[in-house]
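Heads up: the structure comes next, in structure tokens.
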Amino acid sequence: MVSVRDTGPKLRPLRSLAALLAVAVVMLISAGCGASNEDEIVVMAASSLTDAVETVLADHGNVSAVFAGSSTLVAQLAEGASADVLITADQATMNRATADGSVQGVSSVIASNSLVLATALGNPGAITELADLSRSDLLIGLCAEAVPCGALSQQALADAQIEAAPDTLELNVRALVAKLALGELDAGLIYRSDALAAGLPVVEAPQLAGRSNRYHIAAVSAQPSLRVQALIDDFTAADGDAAMIFADQGFGPP
Amino acid sequence: MTADTNNGPVADKTTDASNAENANIASNGVSTVEHQHLSSKLPATLTWVGFVAFALLALPVAGLLQRAPWSTLPSILSSSEVLQALRVSLIVSLAAAATCLVLGLPLAFVLARRRLRFPRLIRAVVMLPMVLPPVVAGTALLFALGRRGLVGQWLDNWFGVSLPFTTAGAVIAAAFVALPFFVVTVEAALRQAGDELDEAAATLGAGAWSRIVHVALPTIRPALFAGIGLAWARALGEFGATLTFAGSFGGRTRTLPLETYLALERDPEAAVAVSLILIAVALAVLVALRDRWTPR
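The listed protein sequences correspond, in order, to chains A and B.
Just so you know, we're using this note's numbering here: the first sequence kicks off at 11 and counts up by one.
Just so you know, we're using this note's numbering here: the second sequence kicks off at 17 and counts up by one.
Pasting the structure below:
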């Protein structure tokens, strides 16, 4: 009796460990089952479309969305991730997915997003024009040239013959938007939809007119199912619900 | 170790004068032979699960190696962006490790030797950066030390010092996430060492500083180096907090992990190549540390 009472407390930690492991195994197995839901449509979309695409998909049953940078999505597809629809933030990344065979459908443009000169709340740096980006007394942020918004920014600045003095070249546009919203940067070049979502002031700059990226959509398979094709048609319809949602969130027409 | 050491009886080995290491350790009361004897009796399941754990750690590295663009490796790695990022990474991680040593050592002593009011709470706060997602850590640093931050606005107003987007900011971000690794390692060693030696030295008339320098530090030397190694390695791989707090600018704040992320956008092969240097530098230093300063 005494010996039983002695071992009881010692065994308890082991038992709870075993219980934890059992729970973990069950969770792993059920997660595995969840992944093989045959009827579910998976949409992969560029992270700048998160809000818009989620709003559009809210009306569709059994569709799930994955959001990440376009390059990451293309890499995931190439490594065998299963998805039915891909939406990228520019033509170049869509071309990469088509070139390596991971996307076989024909792509079309669903929306555009124009580059704008945005400032921190209240415009503390008193930014009035694009050329202010070369002022060294301000904290200026741009996207790195390797990401779509950075390539667009570099091109616009080069064409306007403005030598910007950035303090940081952010790795994605969301990081740049966050720093402007926190007031840690005075100004930066971001997308209109991001400025609208974050409530950031936009300084109109004629040199940025027509500078925009185009979102491309394509079915992953060459012969998409009827449901997948219907979903893509919803996104591409010029006067459909999706087009209105996109326009509301600051995106431009294709 | 040879098969002969495994088979020989314990008594034979401890008296074997030719095996200096064994004799030396045996005289301290711990026998390597006995140690080996014990390790050979490990349950088979335990050993196998151990190997599975090792595979979990090593396989991704093997995956990287298998995808490495070996033929174009030299040209990718000698590009000016990569060399610049390597330089920034070394400066930032070494400065962060030094910061951990200077600030972390006193903190470890306080935690291990002082009676504190809310010891559990204080320890939890010290370990918080280990569990915080690094991006959150970076945002928290901005809230504290940024231009509009709790302390940062005064730094900016009074001294004109602005930490975000500077190399110093990158060092602070790296030190923030690395410090707990150093403090936890050193504090554990101080507790394990106990304070008998310290008390003995005190009765012999040694002063407080002298006891720290001549008694405590030599006793915990292996943990000290292990702690610096861990903190440095964590600082070298730091990504999220650096990006959020210090931004990314070539030659100033763009470290190797940030360069890797950028390369991933352009050309995944280059990203693999850049991460290879990160792994090579880290392995070289960690292996060297282990051999020289910590007991095997």
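Each residue gets a CB set at the ideal place from its N, CA and C atoms; glycine is no exception.
Here the structure is a predicted model, which means the values were calculated and not measured.
Straight-line Cα distance separating A112 (chain B) from R164 (chain B): Here residue 164 (chain B) corresponds to residue number 148 of the second sequence, with the count starting at 1. Here residue 112 (chain B) corresponds to residue number 96 of the second sequence, with the count starting at 1. Per the coordinates, the alpha-carbon of R164 (chain B) lies some 24 Å from the alpha-carbon of A112 (chain B).
T103 (chain A) beta carbon near the ligand COA (any heavy atom closer than 7 Å): Ligands displayed in this structure: none; no statement on the ligand COA is therefore possible.
Length of the line joining the Cα atoms of A252 (chain A) and H70 (chain A): Mapped onto the first sequence, residue 252 (chain A) falls at position 242. Mapped onto the first sequence, residue 70 (chain A) falls at position 60. Taking the straight line from one Cα to the other gives about 12 Å.
contact_flag[the segment 121-141 of chain A, the segment 212-220 of chain A] where n(CB pairs < 8 Å) is 3 or more: For the pair of segments examined, the segment 121-141 of chain A was found to touch the segment 212-220 of chain A: the number of CB pairs separated by less than 8 Å reaches three.
For I126 (chain B), the three-state DSSP class (helix, strand or coil): Residue 126 (chain B) sits at position 110 when you count from the first residue of the second sequence. Per the sequence shown, the amino acid found at residue 126 (chain B) is Val instead of Ile. Under the three-state reduction of DSSP, V126 (chain B) is assigned to helix.
In DSSP terms, what I200 (chain A) is bridged to: One-based indexing of the first sequence puts residue 200 (chain A) at position 190. Bridge partners of I200 (chain A): A:V126.
Minimum Cβ-Cβ distance from G278 (chain B) to chain A less than 8 Å: Here the question's residue 278 (chain B) lines up with position 262 in the second sequence. It is worth fixing the name first, because residue 278 (chain B) is Leu in this sequence and not Gly. It does; some Cβ of chain A falls within 8 Å.
Enclosing beta strand (DSSP E) for F175 (chain B) [first to last residue]: As a working mapping, residue 175 (chain B) is identified with position 159 in the second sequence. F175 (chain B) -> no beta strand (DSSP E), and no H or E assigned at all.
A287 (chain B) in three-state terms, based on DSSP: Locating residue 287 (chain B) in the second sequence gives position 271, where the first residue counts as 1. Residue state for A287 (chain B) is assigned as helix, using DSSP reduced to three classes.
Contact set between D177 (chain A) and chain B, taken where Cβ atoms lie within less than 8 Å: Counting from one through the first sequence, the residue named residue 177 (chain A) turns up at place 167. What D177 (chain A) touches in chain B: F181, G263 and F265.
Sequence-distant residues of its chain with Cβ nearer than 8 Å to S58 (chain A) (five each side left out): Here residue 58 (chain A) refers to the residue found at position 48 of the first sequence. A99, N123, V183, R184, Y201, S203 and D204, listed in sequence order.
Which of helix, strand or coil DSSP assigns to A156 (chain B): Counting from 1 along the second sequence, the entry for residue 156 (chain B) is found at position 140. Reduced to three states, the DSSP call for A156 (chain B) is helix.
Alpha-carbon spacing of F198 (chain B) relative to V84 (chain A), whole angstroms: Locating residue 198 (chain B) in the second sequence gives position 182, where the first residue counts as 1. Locating residue 84 (chain A) in the first sequence gives position 74, where the first residue counts as 1. Rounded to whole angstroms, F198 (chain B) to V84 (chain A) spans 39 Å at the Cα level.
Candidates A:V66, A:F245, A:P211 and A:L143, of which the one nearest D225 (chain A) by Cα: As a position in the first sequence, residue 225 (chain A) is number 215, starting the count at 1. As written in the sequence, residue 225 (chain A) is Tyr, which differs from the Asp given in the question. Minimum Cα distance to Y225 (chain A) is reached at A:F245.
Which of helix, strand or coil DSSP assigns to H70 (chain A): The residue given as residue 70 (chain A) occupies position 60 in the first sequence. Three-state DSSP puts H70 (chain A) in coil, outside helix and strand.
Whole-angstrom C-beta distance between A262 (chain B) and F181 (chain B), which should lie under 8 Å: For the purposes of this step, residue 181 (chain B) is taken as the residue at position 165 of the second sequence. For the purposes of this step, residue 262 (chain B) is taken as the residue at position 246 of the second sequence. Your pair F181 (chain B) and A262 (chain B) checks out as a contact, with CB atoms roughly 6 Å apart and the cut at 8 Å.
Beta-carbon spacing of D110 (chain A), V230 (chain A) below 8 Å: Here the question's residue 110 (chain A) lines up with position 100 in the first sequence. Here the question's residue 230 (chain A) lines up with position 220 in the first sequence. No.
Beta carbon proximity, G193 (chain A) to chain B, threshold 8 Å: Locating residue 193 (chain A) in the first sequence gives position 183, where the first residue counts as 1. With its beta carbon less than 8 Å from one in chain B, G193 (chain A) belongs to the interface.
Beta-carbon proximity of V187 (chain B) to V108 (chain B), cut-off 8 Å: As a first step, residue 187 (chain B) must be located in the second sequence, where it is residue number 171. As a first step, residue 108 (chain B) must be located in the second sequence, where it is residue number 92. V187 (chain B) is a Cβ neighbour of V108 (chain B), given a cutoff of 8 Å.
Beta carbon proximity, G209 (chain A) to chain B, threshold 8 Å: Within the first sequence, residue 209 (chain A) is the residue found at index 199, counting from 1. No, because no Cβ of chain B sits closer than 8 Å to the Cβ of G209 (chain A).
Residue range of the unbroken beta strand (DSSP E) whose run includes V53 (chain A): Residue numbering aside, residue 53 (chain A) sits at position 43 when the first sequence is read from its first letter. Note, V53 (chain A): beta strand (DSSP E), I51 to A56.
Limits of the unbroken alpha helix (DSSP H) element including V314 (chain B): The shown model of chain B, from 17 to 312, leaves out residue 314 (chain B), and the question about it has no answer.
Cβ pair count under 8 Å reaching 3, the segment 146-159 of chain A against the segment 185-197 of chain A: Touching, per the Cβ criterion.
Neighbourhood of V290 (chain B) by C-beta distance below 7 Å, restricted to the same chain and skipping five residues each side: Residue mapping note: residue 290 (chain B) aligns to position 274 of the second sequence, counting from 1. In the same chain as V290 (chain B), and ignoring 5 residues on each side of it, the C-beta atoms closer than 7 Å to its own belong to V98, L272, E275, T276 and A279, in chain order.
According to DSSP, residues forming a beta bridge with V95 (chain A): Position 85 of the first sequence, counting from 1, holds the residue named residue 95 (chain A). Its beta-bridge partners are A:V53 and A:A229.
Alpha-carbon to alpha-carbon, G221 (chain B) and A270 (chain B): Mapped onto the second sequence, residue 270 (chain B) falls at position 254. Mapped onto the second sequence, residue 221 (chain B) falls at position 205. A small correction: the amino acid at residue 270 (chain B) is Arg; Ala does not occupy that position in the sequence shown. Distance between the alpha carbons of R270 (chain B) and G221 (chain B): 51 Å.
Whole-Å CB distance - S112 (chain A) paired with L87 (chain A), under 8 Å assumed: For this step, residue 112 (chain A) is matched to residue 102 along the first sequence. For this step, residue 87 (chain A) is matched to residue 77 along the first sequence. That pair is a contact at about 4 Å.
Cutoff 8 Å: A45 (chain A) Cβ touching any chain B Cβ: The sequence position of residue 45 (chain A) within the first sequence is 35, counting from 1. With a pLDDT of only 48 at A45 (chain A), under 50, the local geometry of the prediction cannot be trusted, and the value read off the model is given with reservation. For A45 (chain A), the answer is no, since every Cβ of chain B falls outside 8 Å of its Cβ.
Exposed unless 16 or more other CB atoms sit within 10 angstroms - verdict on W174 (chain B): If you number the second sequence from 1, residue 174 (chain B) lands on position 158. Its Cβ having fewer than 16 others within 10 Å, W174 (chain B) is exposed.
Interface flag, P273 (chain B) vs chain A, CB-CB below 8 Å: By one-based count along the second sequence, residue 273 (chain B) stands at place 257. It does not: the Cβ of P273 (chain B) has no partner Cβ on chain A nearer than 8 Å.
Inter-residue CB distance, F261 (chain A) and A78 (chain A) (contact presumed, cutoff 8 Å): In the first sequence, counting from the first residue as 1, residue 261 (chain A) sits at position 251. In the first sequence, counting from the first residue as 1, residue 78 (chain A) sits at position 68. That pair is no contact at about 19 Å.
Rounded straight-line distance, which links the Cα of P149 (chain B) to that of L129 (chain B): In the second sequence, the residue the question calls residue 129 (chain B) occupies position 113. In the second sequence, the residue the question calls residue 149 (chain B) occupies position 133. Rather than Leu, the amino acid found at residue 129 (chain B) in this sequence is Arg. Near 30 Å, if we compare the C-alpha coordinates of P149 (chain B) and R129 (chain B).
Integer-rounded CB distance, given that M54 (chain A) should sit under 8 Å from V73 (chain A): Locating residue 73 (chain A) in the first sequence gives position 63, counting from the first residue. Locating residue 54 (chain A) in the first sequence gives position 44, counting from the first residue. Wrong, their Cβ atoms sit about 12 Å apart, outside the cutoff.
Nearest neighbour of R268 (chain B), chosen from A:Q233, A:T178 and A:L67 [CA to CA]: Along the second sequence, one-based indexing puts residue 268 (chain B) at 252. Checked all of A:Q233, A:T178 and A:L67; the closest Cα to R268 (chain B) is A:T178.
Where the beta strand (DSSP E) through E180 (chain A) begins and ends: The residue labelled residue 180 (chain A) in the question sits at position 170 within the first sequence. Element bounds for E180 (chain A): T178 to E180.
Beta carbon proximity, A298 (chain B) to chain A, threshold 8 Å: Working through the second sequence from its first residue, we reach residue 298 (chain B) at position 282. Not an interface residue.
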